[in-house]
Amino acid sequence: MKQTNTDEPQSPDSKAVLDPFLYLIKNSEGKGIRSSLIEAFNHWLEISDQNIQLVKNITERLHSASLMIDDVEDNSKLRRGIPCTHLMYGVPATINSANYIYFEALKDTQKLENSRATTVFVDELLNLHKGQALDIDWRDNFKCPTESEYIEMVKNKTGGLFRLSVGIMQSVSANTIDYTGVVNEMAVLFQILDDYLNLQSSKYHANKSFCEDLTEGKFSFPIIHSINQLPNDRRLVNIIKQKTQDEMLKKYAVQIMKETKSFEYSIKRLRECESRLYSEIERLGGNEKLVAIVHALMKQINVESTSFDSL
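According to our numbering, the stretch in the sequence shown is residues 545 to 855, in order.
Given below as structure tokens:
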């Protein structure tokens, strides 16, 4: 399989379309969670090493391209500690490069010569964009969703790429067991954890910015819980509307969320996800690699958490 080579000479047209994408993948190191999940699910699906590598490449390209688009849509400044791609190459070139990578990934999917794989690819990218649309709509129109609405959005936005990976793998596997439930639960755990760390992790703040979800005006899981706990209290909503970069205001927002015990509630929901995942994994026959991933994710709650008491 031919991959995008970051070192080989590029023709002028290829260089123009690939440079923004290559900037992102050369200068930032991802969490690797998607490749780890692919390896874990292969305990059950048992596809060839060649196809595993193909699915990893497809998934990582799609993920990186989606980050480029997300950063534009969120007006983000930092991605994993470096300036976002659109700040270096401009919005038009960044969007064009990301879209090109989407189609490169589709072209790689077609190499499997399996119509089910292509259908999964298209369906889950549609789901991803539907989820992103809701996220943007809530943010830009200041509509705080319910917890259940948020979870459904996460299953589309975050779960879409997770299901795409497993679905493409399953298209070339003899295993026909439905893993949708465990994949969706992984997506929910991953996103709630990410939301929690965005507001509570010192390492997260070093790689992005202090409480970036507040600056983006995003309705993340702890924020949604806090607002819904105090429906007549406009303090947190007013801070969200400002999309502020003021650190004191953001610390005050964190304090409000502490008052409503929204971080404690987030951890409680994460523990519930963890428990359901362990039960479902056991029901499906066990999977040590998948259990290890869940354990490593949950460990971040204790390792990365910090508090901001000096307002």
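Heads up, the beta-carbon is just placed ideally off N, CA and C, and yes, glycines get one too.
Task: residue 626, DSSP secondary structure in three states - done: To locate residue 626, count along the sequence shown from 1; it is residue 82. Strand.
Task: Which listed residue (625, 555, 767) has its alpha carbon closest to that of residue 808 - done: Mapped onto the sequence shown, residue 808 falls at position 264. Among 625, 555, 767, the Cα nearest to that of residue 808 is on 767.
TODO: May I ask you to report which of helix, strand or coil DSSP gives residue 745?
DONE: Against the sequence shown, residue 745 aligns to sequence position 201. Correct three-state label for residue 745: strand.
Task: Start-to-end residues for the alpha helix (DSSP H) that takes in residue 567 - done: On the sequence shown, residue 567 is found 23 positions in, with the first residue counted as 1. Per DSSP, the unbroken alpha helix (DSSP H) holding residue 567 starts and ends at 556-571.
Task: 8 Å Cβ shell around residue 846 - same chain, five flanking residues per side excluded - done: On the sequence shown, position 302 is the one that residue 846 refers to. Excluding residues within five positions, none has a Cβ falling inside 8 Å.
TODO: Using three-state DSSP, classify residue 620 as helix, strand or coil.
DONE: If you number the sequence shown from 1, residue 620 lands on position 76. If DSSP states are grouped into helix, strand and coil, residue 620 belongs with coil.
- [ ] Please report how far the alpha carbon of residue 681 lies from the alpha carbon of residue 649, in whole angstroms.
- [x] Here residue 681 corresponds to residue number 137 of the sequence shown, with the count starting at 1. Here residue 649 corresponds to residue number 105 of the sequence shown, with the count starting at 1. About 27 Å.
TODO: Identify whether residue 754 lies in helix, strand or coil by the three-state DSSP scheme.
DONE: Residue mapping note: residue 754 aligns to position 210 of the sequence shown, counting from 1. Note: residue 754 maps to coil in three-state DSSP.
- [ ] Go ahead and label residue 635 buried or exposed: buried means 16 or more other beta carbons lie within 10 angstroms of its beta carbon, across all protein chains shown.
- [x] As a position in the sequence shown, residue 635 is number 91, starting the count at 1. Label assigned to residue 635: exposed.
- [ ] Kindly indicate the opening and closing residues of the alpha helix (DSSP H) around residue 716.
- [x] Residue 716 sits at position 172 when you count from the first residue of the sequence shown. Note, residue 716: premise wrong, no alpha helix (DSSP H); not H, not E.
Task: For residue 777, the first and last residue of its enclosing alpha helix (DSSP H) - done: Reading the sequence shown from its first residue, position 233 is the one you call residue 777. Segment: none, residue 777 is in no alpha helix (DSSP H) and carries neither H nor E.
Task: Pair within 7 Å by beta-carbon distance, residue 824 and residue 726 - done: Your numbering for residue 824 matches position 280 in the sequence shown. Your numbering for residue 726 matches position 182 in the sequence shown. Contact flag set, yes.
TODO: Spatial neighbours of residue 779 within its chain, please: CB distance less than 7 Å, with the 5 preceding and 5 following residues excluded, ordered by chain position.
DONE: Numbered from its first residue, the sequence shown carries residue 779 at position 235. Contacts found: 800.
Open item on the list: Rounded to whole angstroms, what is the Cα-Cα separation between residue 662 and residue 701?
Closed with: Here residue 662 refers to the residue found at position 118 when the sequence shown is read from its first residue. Here residue 701 refers to the residue found at position 157 when the sequence shown is read from its first residue. Taking the straight line joining both Cα atoms gives about 19 Å.
Task: Own chain partners of residue 633 with C-beta closer than 8 Å, once the 5 adjacent residues on each side are dropped - done: Here the question's residue 633 lines up with position 89 in the sequence shown. Answer for residue 633: 563, 564, 567, 641, listed in chain order.
Open item on the list: Using C-beta distances below 7 Å, list every residue in its chain close to residue 831, excluding the 5 sequence neighbours before and after it, in chain order.
Closed with: On the sequence shown, residue 831 is found 287 positions in, with the first residue counted as 1. Once the five neighbours on either side are set aside, the close Cβ partners of residue 831 are 584, 587, 588, 825.
Open item on the list: To test your reading of the DSSP string, which unbroken beta strand (DSSP E) runs of 3 or more residues are found completely within the segment 780-850?
Closed with: none
Open item on the list: Quick check on residue 592: does DSSP put it in helix, strand or coil?
Closed with: Working through the sequence shown from its first residue, we reach residue 592 at position 48. Note: residue 592 maps to coil in three-state DSSP.
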